[in-house]
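From first to last, the protein sequence lines stand for chains A and B. Here this note's numbering is used: position 65 in the first sequence is 498, and no number is missing along the way. Here this note's numbering is used: position 73 in the second sequence is 506, and no number is missing along the way. Note that beta-carbon positions come from the ideal geometry of N, C-alpha and C, so glycine has one too. Bear in mind the structure is a predicted one, so any value in this text is a computation, not a measurement. One structure below.
2 protein chains.
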Amino acid sequence: MSASQIPPILTNLTTGMLVGERIAESRRTVGDLVGYWSDPEAARQGGDALLYGTQTWMPAEDGVEGAILWGNTVLMPGSVGGEFFMTRGHWHEKLDRCEMCVTVSGSGLLVLMDESRNTWVEQMSPGSTHYVPGNLAHRTVNTGDEPLVFMCAWPADCGHNYGSILELGFGRRFFVGDQF
Amino acid sequence: MSASQIPPILTNLTTGMLVGERIAESRRTVGDLVGYWSDPEAARQGGDALLYGTQTWMPAEDGVEGAILWGNTVLMPGSVGGEFFMTRGHWHEKLDRCEMCVTVSGSGLLVLMDESRNTWVEQMSPGSTHYVPGNLAHRTVNTGDEPLVFMCAWPADCGHNYGSILELGFGRRFFVGDQF
């Protein structure tokens, strides 16, 4: 098999799950994000609870210009100190590299923030398809009572910057009982 | 609304259809591809029959570096002079720009060809997810008896080169009754 022959994988478009070769998996617990929550002590207490899992198909290496990576996120329902379960969120290091996401199941919010910290949301529901321009930080929040499952495609060379999110957060947090 | 705020669209993950703003549509008939078939005369006779339709979501302009476009193709079942219905196929002008495709329904072939005209196929069936490295020409062929529906994501700046396919074709054609 030459480098030009990448074995296909299977994407289950009902569940969002990927099966095949070159699939990287990760999982994060509530405690893994302790510094991201408004109530870090509550996060420490809920430490081991699964927050989200991801699968990423890597037909090319991370960082390769012109390649697209494809993966899912399963963000569990729940809250920490009243704050809905969320992903860390990130900036792209290359600020012209976009991201495209399709919701498979569940309901929630795609939170977008510009460089002036203006923050707004897009509603995520089955089939909703979102475009994140490269110059916006983005995070997802599960506001429903079932897992929020979505697929994303992104340029392999976008780079990920989590640091400033840990330090400054987004311009808005999302608590149980709020209106969005 | 700023340029950073692109309205989400809906992707029906069961049918592959897109609904929303900034969606470009196209359709090709058997006759539109007259020069691509092994039997151009048969293609002229079947001229008005729908061959395939596409929808492309354009959250960014074609050609923008770092942007990803997302769209579907519905390739009808059928044959022309015994040759299975197919798309034109193309090269990317930028030979490091990949393409990623997910089959929604139907069955067929993703035909890949390198610069030495070596040609091979990947089987397409529901959920099959394919990575086309940027240096390979690619075409799809519907070998089933229902529409072959698939979604693709590609870099907006990949560029499309159809000319050499019209002139030279692929290294292999796919006829009813062949084994693939």
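Please tell me whether residue i has its Cβ less than 8 Å away from any Cβ of chain A.
| i | result |
| --- | --- |
| A493 (chain B) | yes |
| H571 (chain B) | no |
| E600 (chain B) | no |
| W490 (chain B) | yes |
| P588 (chain B) | yes |
| E498 (chain B) | yes |
Suppose you measure from the CA of residue i to the CA of residue j; what does that come to, to the nearest Å?
| i | j | result |
| --- | --- | --- |
| V565 (chain A) | P588 (chain A) | 12 Å |
| D492 (chain B) | T562 (chain A) | Reading the sequence as shown, one finds Pro at residue 492 (chain B) and not Asp. So the alpha carbons of these two residues sit roughly 11 Å apart. |
| M533 (chain B) | I501 (chain A) | 7 Å |
| P440 (chain A) | L528 (chain A) | 31 Å |
| A482 (chain B) | M519 (chain B) | 13 Å |
| E548 (chain A) | Y469 (chain A) | 19 Å |
| E579 (chain A) | V507 (chain B) | 32 Å |
| N379 (chain A) | V497 (chain B) | Because chain A spans 434 through 613 in this model, residue 379 (chain A) falls outside it and cannot be assessed. |
| Q438 (chain A) | Q438 (chain B) | 37 Å |
| G398 (chain A) | H525 (chain A) | This structure cannot settle anything about residue 398 (chain A), because the visible part of chain A is limited to 434 through 613. |
| G539 (chain A) | T487 (chain A) | 16 Å |
| W553 (chain B) | M546 (chain B) | 7 Å |
| C591 (chain A) | S459 (chain A) | 19 Å |
Answer with yes or no whether the minimum CB distance from residue i to chain B is below 8 Å.
| i | result |
| --- | --- |
| T444 (chain A) | yes |
| H563 (chain A) | yes |
| I501 (chain A) | yes |
| D481 (chain A) | no |
| M416 (chain A) | A question about residue 416 (chain A) goes unanswered here, because the residues of chain A that appear run from 434 up to 613. |
| D465 (chain A) | no |
| I456 (chain A) | no |
Measure from the alpha carbon of residue i to the alpha carbon of each residue in the options, then state which is nearest.
| i | options | result |
| --- | --- | --- |
| H593 (chain B) | B:M584, B:Y469, B:G539 and B:A570 | B:A570 |
| I442 (chain B) | A:W490, A:I598, A:L601 and A:M557 | A:M557 |
| G567 (chain A) | A:R530, A:N551, A:G522 and A:E474 | A:R530 |
| H523 (chain B) | B:V452, B:S549, B:S597 and B:P510 | B:S597 |
| G511 (chain B) | B:L545, B:D590 and B:L484 | B:L484 |
| R605 (chain B) | B:Y595, B:T573 and B:C591 | B:T573 |
| F613 (chain B) | B:T462, B:E600, B:G499 and B:V544 | B:V544 |
| T462 (chain A) | A:E498, A:N551 and A:M509 | A:M509 |
| Y595 (chain A) | A:E555, A:N575, A:G577 and A:R521 | A:R521 |
Whose C-beta lies closer than 8 Å to the C-beta of residue i among residues of the same chain, with five residues either side of it excluded?
| i | result |
| --- | --- |
| V537 (chain B) | L446, T447, T448, G449, N505, P559, V582, F583 and M584 |
| R477 (chain B) | G464 and V467 |
| E454 (chain B) | P440 and I442 |
| V452 (chain A) | I442, L443 and N445 |
In three-state DSSP terms, what is residue i?
| i | result |
| --- | --- |
| V467 (chain A) | helix |
| L599 (chain A) | helix |
| Q478 (chain A) | helix |
| P588 (chain A) | strand |
Which residues in the same chain have their Cβ closer than 6 Å to the Cβ of residue i, if we skip the five residues on either side of it in sequence?
| i | result |
| --- | --- |
| W503 (chain A) | W490 and A586 |
| F608 (chain B) | G515 and E516 |
Spatial neighbours of residue i within its chain, please: CB distance less than 7 Å, with the 5 preceding and 5 following residues excluded, ordered by chain position.
| i | result |
| --- | --- |
| S471 (chain A) | G514, E516 and R606 |
| A475 (chain A) | V513 and G514 |
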